[in-house]
Structure formats: C-alpha cells, structure tokens
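Engineer: Take a look at the following structure, please.
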Amino acid sequence: MKFEYDKEANAAYIYVDESIGNGEAVKTIELNQNIILDFDSKGKLLGVEILDAKEVLNEKVLLQAQPN
C-alpha cells in the first residue's frame, strides 16, 4: 500500500494496488463529495482518492504521505 498527497491540489490517494496502470480503473464510486473509490474490471479495489484532504484527514497522517 502507498499513500501520496498533493499539496497544490489538496488531494490524497491511497494505492491499495501500487501498480495501477493507465486506464486500469474502470469503475469509480463516489462515497461522498470527498471520497472516491477506484475499481478494476474484476471489481477489485485499486485505490481511494481523498479530496479536500487537509479538511478530511488528520495532519499527522498527511505528514506521513509521500509527496506527489
């Protein structure tokens, strides 16, 4: 698992599968306005996008993220 944070976009991404290729995420589910799940064609969870990350996540968590 890998965790990235883009300060400029204020968005974080948790890679459940660290080797997501272009176009591999074929289905997305928006849980709410800040949390989006990405799935492959077999229904396997690939990753979780977190928008407005500073408002949603604890600052300590963001400090542990790899910069994007």
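The opening position of the sequence shown corresponds to residue 1 in the working numbering, with each subsequent residue numbered one higher.
Here a beta-carbon is modelled for each residue, glycine too, at the ideal position from N, C-alpha and C.
Among residues of its own chain, excluding the 5 on either side of Asn68, which ones have a beta-carbon nearer than 7 angstroms to its beta-carbon?
Structural biologist: Result list for Asn68: Glu4, Tyr5 and Asp6, in chain order.
Engineer: Tell me whether the beta-carbon of Glu30 lies closer than 8 angstroms to the beta-carbon of Leu46.
Structural biologist: Cβ distance not < 8 angstroms, so Glu30 and Leu46 don't count as in contact.
Engineer: So Glu49 and Ala11 are in contact, right, with Cβ under 8 angstroms, and what is the actual spacing, rounded?
Structural biologist: Confirmed, Cβ separation roughly 7 angstroms.
Engineer: Kindly list the residues whose CB is nearer than 8 angstroms to the CB of Gln66, restricted to its own chain and excluding five residues on each side of it in sequence; keep chain order.
Structural biologist: Excluding sequence neighbours, Gln66 sits near Lys2, Phe3, Glu4 and Tyr5.
Engineer: Look at the alpha carbon of Asp17 and the alpha carbon of Gln33, and state the distance between them as a whole number of angstroms.
Structural biologist: In a straight line, the C-alpha of Asp17 is about 23 angstroms away from that of Gln33.
Engineer: By DSSP, does Gln66 sit in helix, in strand, or in coil?
Structural biologist: If DSSP states are grouped into helix, strand and coil, Gln66 belongs with the strands.
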